[in-house]
Amino acid sequence: MTFGNFLQQNWPELLTLLRQHLWLVFISTLIAVAIGIPTGILLTRKQSLRGPVLGVANVMQTIPSLALFGFLIPLPFIGGIGARTAIVALVLYALMPIMRNTVTGILGVDRNVREAAVAMGMTDRQILWQVELPLAMKVILTGVRVATVIAVGVTTIAAEVGAGGLGVYILRGLRQYDNNLLLAGAVPAALMALTADFSLGLLEQRFSVDTKIASRRRMVVNRIFLGAIGLIALVGAYGAWSASRPDPRSAAGAGRVVVASKDFTESGLLAEIVAQMLEARGVVVERKFELGGNLPHDALVAGQIDLYPEYTGTAYTAILKHPPITDPRVVYEQVKTEYAEKFKLAVSEPLGFENTFAILVRGADARRLGLKTISDVAPHARAWRAGFGQDFMSRADGYPGFSKAYGLKFAGQPREMNLSLTYIALSTGQVDLIAGNSTEGRIAALDLVQLEDDRRYFPPYEAVYLVRPTALTAVPTLAEVLKKLAGAISTDEMRQLNYEVDANKRGQAEVVREWIKSKGF
Amino acid sequence: MPEVADNPLVEFDDVSFTHPGSASPVISLLNFSVQRGEILVLLGESGCGKTTTLKLVNRLLLPTAGKVTVEGRTTTAWDSIALRRRTGYVIQDGGLFPHFTVAKNVGLVPALEKWDQPKIKRRVDELLSMVGLEPNVFADRYPRELSGGQRQRVGVARALAAEPPLLLLDEPFGALDPLTRASLQTQFAAITKQLNKTAILVTHDVREALMLGSRIGLMHEGKLLLLETPEDFLKSKESRALAYLETLKLPAKAHERSREERP
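As given, the protein sequences belong to chains W and R, one line each in that order. Just so we're aligned, residue 1 is where the first sequence starts under the working numbering, counting upward by one. Just so we're aligned, residue 1 is where the second sequence starts under the working numbering, counting upward by one.
The following block contains the structure:
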């Protein structure tokens, strides 16, 4: 599909994401300005506060954005899933440059000028408004410009906490290795950053005395300029207005279910299945898809979402922190009991398929070297490069235990990268072995071969839904739907669904709709 | 008695000033008064306390001991804003607001005092003409577009704008080249005479002191060594006064020295 075709087909969605992005940037910069400039002014008056406040703001800015989102999720009032969390994080980021530049700008006003102002009998307020702020405005606006450009960038990460925006396309594009999606997310974001940079740069210039001198005789330029600023304000306001309109889907009160997913295709598909089945039965569904890392778990425990798809092995090792074991039944029962005790959460019946780590090599290598099991790799490993997703590198049942169990030593430290990209890296020969997902649709398409876990190292990863019991009682339809889905999805089916989305680039909703129809649900 | 009769505009009474946290005073036990219509020049080298003395007059600083009286009221009793608006202040290089036009700079204090616009404009035009700047040419310029001498003229015009009874000038001509300085000094002398202004002027240039001062106060290490008319200053036998007078002959000496150094 060409980029042009893609845009034609996805134009309405792109516009929505663009509007969300604009709104997040606009509102968070606005709030940061409203807080940052007065605070900056205060800091120029209270020297003792300056160090500590700027220090805290500085530290705030060094927190990686995804980590900051993570910290915010469980907090009451400011945290949660969605736009609010994103705005809080964006404001925290934008605050520093605005505050610092306000302080620098005001303190940078020529001593002689300030002294003259005092000696002329100007009050503190008059000095601030007539002398300090106008002279510092250029520097302050530089701060606002930097903050806005940062906000445009960080907002792409806000998609990880379900705040929407162009990051949705970027994350999806990374996952599906789809350049159209990447471009559709990245290009508008870059253009937005450039536009913000340019227009705020113009505004900045207006406060320079040189411009005043030059434009004294050129009123036309002034008009054009004011027009441009007006237009930008208008676009921002429109974005704000349209984004703040209530989403018609979440208008209903009782009987609403918030369905979430992790940030990979299969999780999205499983969540979409529940969502569509609920909607078909008249239940209002709110989707909080594509949440990064352990955010869905935190959000579920905090009551911000009602349900998300999970794997028993992940719950057992990553959440409950047990050492990996291999009996699927034991793992499932243990997870069910402990989730009820520790988190007051319910676990659905298994959906019928496992998505375990699949150790993959190129088909050509497997055939040439006669590789069948992971143990067969050991003699070749020293000359091989491995590439693993972040998840696999860090979890208890991941790389450290895996390499020890099979006595594998690779050439150098494994490359740690986005899981979705490892498939491409393997098929294009940039790495020689990866740990993919057994239900990955592209395994066959890319001629990759899964090696057998002959030492039974990986724990079972049965797919289940984790649910808040309150949602089950409030919406009886939900329990009914989950019951229908028990044992309903085979590994082959799951692989096919993933393939439709990842390799054939079809819409998730459409693929799920067809599947539900074919199953007669 | 004479004290009632001469009614000074500014009076220093045993005034000392020490910066907070500092052990040594910047000025100590200063006593002098400035009569209406006179120009008192405080002469001294950098750090002798002459600028501090000036700042004590318009309450940019408050004395740590003694009292400063302006128009019969101590500076502590004055509202600082009201006092400063009755005191024109000129500093080196003008201290003009770079983002204000010349007209707006000059009209600053009248605007703060809420004069109406036509009156401010008339006053600005009048002052610019008085300091030798054609209003039609200069009113809309920004300080950056002016030469050093022109900026200083605007600085003086701004200080005079609201017709303050008292002018304070801190090395107003210090940053100018000698020719511009001389011309501005002459003009300033004419203006103050014409307006019968009272002024305190701080300088390290003895030539300027002799030219502009009705009395010269020689300061050293925070103390007033002597306070004389220019005529008496020229006859003074005080060693620092002699040293200053010596500088007037410096060009001749430098000439001699350069000849001695030649092999």
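Just so you know, even glycine gets a beta-carbon here, dropped at the ideal spot from N, CA and C.
| Is the shortest distance between the beta-carbon of Leu-166/R and the beta-carbons of chain W less than 8 Å? | Position 166 of the second sequence holds residue 166/R. With its beta carbon at least 8 Å from every one in chain W, Leu-166/R lies outside the interface.
| message | Relative to the C-alpha of Pro-98/R, which candidate in Ala-163/W, Val-103/W, Ala-86/W, Arg-111/W has its C-alpha closest? | response | Here the question's residue 98/R lines up with position 98 in the second sequence. The shortest Cα separation from Pro-98/R among Ala-163/W, Val-103/W, Ala-86/W, Arg-111/W belongs to Arg-111/W.
| task | Label Ile-91/R either buried or exposed according to how many other C-beta atoms from any shown protein chain fall within 10 Å of its C-beta, with 16 as the threshold for buried. | result | What you label residue 91/R is simply residue 91 of the second sequence in a count that begins at 1. By the neighbour-count rule (16 or more Cβ atoms within 10 Å), Ile-91/R is buried.
| message | With the cut-off set at 8 Å, would you say Ala-159/W and Gly-153/W are in Cβ contact? | response | On the first sequence, position 159 is the one that residue 159/W refers to. On the first sequence, position 153 is the one that residue 153/W refers to. No, they are not a contact pair.
| field | Identity of the residue in Phe-353/W, Leu-278/W, Gly-303/W nearest Tyr-311/W by Cα | value | For the purposes of this step, residue 311/W is taken as the residue at position 311 of the first sequence. For the residues Phe-353/W, Leu-278/W, Gly-303/W, the minimum Cα distance to Tyr-311/W belongs to Phe-353/W.
| request: Give every residue of the same chain whose Cβ lies closer than 7 Å to the Cβ of Val-149/W, excluding the five residues on either side of it in the sequence, and list them in chain order. | output: Looking up residue 149/W in the first sequence gives position 149. Taken in chain order, the residues that qualify are Ala-193, Ala-196, Asp-197.
| request: Quick one: give me the first and last residue of the beta strand (DSSP E) that Val-257/W is part of. | output: As a working note, residue 257/W is residue 257 in the first sequence. 256 to 262 is the extent of the beta strand (DSSP E) around Val-257/W.
| Would Ile-200/R pass as a contact of Ala-209/R if the rule is Cβ separation under 8 Å? | Your numbering for residue 200/R matches position 200 in the second sequence. Your numbering for residue 209/R matches position 209 in the second sequence. No, the Cβ-Cβ distance between Ile-200/R and Ala-209/R is not below 8 Å.
| request: With a threshold of 16 other CB atoms inside 10 Å of the CB of Trp-11/W, please say whether the residue is buried or exposed. | output: Taking the first residue of the first sequence as 1, we reach residue 11/W at position 11. Flag for Trp-11/W reads exposed.
| said: Less than 8 Å between the beta carbons of Gly-88/R and Leu-160/R, yes or no? | reply: Along the second sequence, one-based indexing puts residue 88/R at 88. Along the second sequence, one-based indexing puts residue 160/R at 160. Yes, the pair counts as a contact, with Cβ atoms nearer than the cut-off.
| query | Would the region 89 to 96 of chain W and the region 28 to 38 of chain W be scored as touching if the rule is three or more Cβ pairs under 8 Å? | reply | When C-beta atoms of the region 89 to 96 of chain W are compared with those of the region 28 to 38 of chain W, three or more pairs fall below 8 Å, so the two segments count as touching.
| request: Could you name the residues of the same chain whose beta carbon sits closer than 8 Å to that of Asp-229/W, not counting the 5 residues immediately before and after it, in chain order? | output: Within the first sequence, residue 229/W is the residue found at index 229, counting from 1. According to the sequence provided, residue 229/W is Ile. The question's Asp does not apply to it. The beta carbon of Ile-229/W lies closer than 8 Å to those of Ser-199, Leu-202, Leu-203 in the same chain, with the five residues before and after it left out.
| Completely contained beta strand (DSSP E) runs for the region 297 to 355 of chain W, where each covers 3 or more residues | 307 to 311
| Could you give the uninterrupted runs of the alpha helix (DSSP H) lying entirely in the region 127 to 159 of chain R, keeping only those of 4 residues or more? | 135 to 138
| Quick one: is Glu-3/R buried, meaning 16 or more other Cβ sit within 10 Å of its Cβ, or exposed? | Here residue 3/R refers to the residue found at position 3 when the second sequence is read from its first residue. At Glu-3/R the pLDDT is 43, less than 50, meaning the model places this residue with poor confidence; the figure from the coordinates comes in the next sentence. Exposed.
| Residue-level contact to chain R via CB, Ala-116/W, 8 Å cutoff | Residue 116/W sits at position 116 when you count from the first residue of the first sequence. It does; some Cβ of chain R falls within 8 Å.
| field | Contacting residues, own chain, Cβ-Cβ under 6 Å from Pro-246/W (five flanking each side not counted) | value | Sequence index remark: in the first sequence, residue 246/W carries index 246 (1-based). The predicted position of Pro-246/W is uncertain, since its pLDDT is 46 and thus under 50; a value taken from the coordinates is nonetheless stated next. Correct list: empty, nothing qualifies.
| said: Is there a C-beta anywhere in chain W that falls below 8 Å from the one on Ile-91/R? | reply: Within the second sequence, numbered from 1, the residue matching residue 91/R stands at position 91. Answer yes: the Cβ-Cβ gap between Ile-91/R and chain W drops below 8 Å somewhere.
| field | His-220/R - partner residues in DSSP beta bridges | value | Within the second sequence, the letter at position 220 stands for residue 220/R. Looking at the DSSP assignment, His-220/R forms a beta bridge with Lys-223/R.
| From what residue to what residue does the beta strand (DSSP E) around Gly-436/W run? | Here the question's residue 436/W lines up with position 436 in the first sequence. That run of the beta strand (DSSP E) goes 433 to 437.
| Which residues in the same chain have their Cβ closer than 7 Å to the Cβ of Ile-232/W, if we skip the five residues on either side of it in sequence? | Residue mapping note: residue 232/W aligns to position 232 of the first sequence, counting from 1. Excluding sequence neighbours, Ile-232/W sits near Ser-199.
| Cross-chain neighbours of Arg-84/R in chain W, by beta carbon under 9 Å | Locating residue 84/R in the second sequence gives position 84, counting from the first residue. Going along chain W in sequence order, the residues near Arg-84/R (Cβ under 9 Å) are Val-118, Ala-119, Met-120, Gly-121, Met-122.
| query | Rounded to a whole number of angstroms, what is the C-alpha to C-alpha distance between Ser-236/R and Ala-82/R? | reply | Here residue 236/R is taken as the residue at index 236 of the second sequence, counted from 1. Here residue 82/R is taken as the residue at index 82 of the second sequence, counted from 1. Those two C-alpha atoms are separated by around 39 Å.
| query | For Pro-98/R, which residues in chain W fall below 8 Å Cβ to Cβ? | reply | Against the second sequence, residue 98/R aligns to sequence position 98. Those within 8 Å of Pro-98/R in chain W are Asp-110, Val-113, Leu-135, Val-209.
| field | Partner residues on chain W for Asn-58/R, Cβ-Cβ distance less than 7 Å | value | Counting from 1 along the second sequence, the entry for residue 58/R is found at position 58. Here the neighbours are Ala-119.
| task | May I ask which residues mark the beginning and end of the alpha helix (DSSP H) holding Glu-163/R? | result | Residue mapping note: residue 163/R aligns to position 163 of the second sequence, counting from 1. Careful: Glu-163/R lies outside any alpha helix (DSSP H) and carries neither H nor E.
| query | Can you check whether the CB of Ala-111/R is closer than 8 Å to the CB of Val-131/R? | reply | As a working note, residue 131/R is residue 131 in the second sequence. As a working note, residue 111/R is residue 111 in the second sequence. No, they are not a contact pair.
| task | Anything in the region 132 to 145 of chain R with a Cβ closer than 9 Å to a Cβ of chain W? List those residues in chain order, please. | result | Asp-140, Arg-141, Tyr-142, Pro-143, Arg-144, Glu-145
| message | By the DSSP assignment, the alpha helix (DSSP H) with Lys-67/R in it spans what residues? | response | For the purposes of this step, residue 67/R is taken as residue 67 along the second sequence, with counting starting at 1. Counting along the chain, Lys-67/R falls outside any alpha helix (DSSP H), though it belongs to the beta strand (DSSP E) covering 65 to 70.
| Gln-92/R: first and last residue of the uninterrupted beta strand (DSSP E) it sits in | Residue mapping note: residue 92/R aligns to position 92 of the second sequence, counting from 1. Per DSSP, Gln-92/R belongs to no beta strand (DSSP E) and is neither H nor E.
| Contact check, Ala-435/W vs Phe-388/W, beta carbons under 8 Å | Along the first sequence, one-based indexing puts residue 435/W at 435. Along the first sequence, one-based indexing puts residue 388/W at 388. In this structure, Phe-388/W lies closer than 8 Å to Ala-435/W by Cβ.
| Between Asp-524/W and Ile-73/W, which are expected to be in contact by the criterion C-beta below 8 Å, what is the C-beta distance as a whole number of angstroms? | With chain W represented from 1 up to 521, any question about residue 524/W goes unanswered, as that position is not in the structure.
| message | Run through the DSSP bridge pairs and tell me what Lys-288/W is partnered with. | response | Position 288 of the first sequence, counted from the first residue, corresponds to residue 288/W. Residue pairing by DSSP puts Lys-288/W in a beta bridge opposite Ala-260/W.
| At least one CB of chain R closer than 8 Å to the CB of Lys-342/W: is that the case? | For the purposes of this step, residue 342/W is taken as residue 342 along the first sequence, with counting starting at 1. Lys-342/W does not count as touching chain R.
| query | For the beta strand (DSSP E) that Asn-5/W lies in, which residues bound it at each end? | reply | Mapped onto the first sequence, residue 5/W falls at position 5. Run containing Asn-5/W: none in the beta strand (DSSP E); it sits in the alpha helix (DSSP H), 3 to 45.
| message | For a contact defined as C-beta to C-beta under 8 Å, what are the partners of Lys-212/W on chain R? | response | One-based indexing of the first sequence puts residue 212/W at position 212. Those within 8 Å of Lys-212/W in chain R are His-99, Tyr-142.
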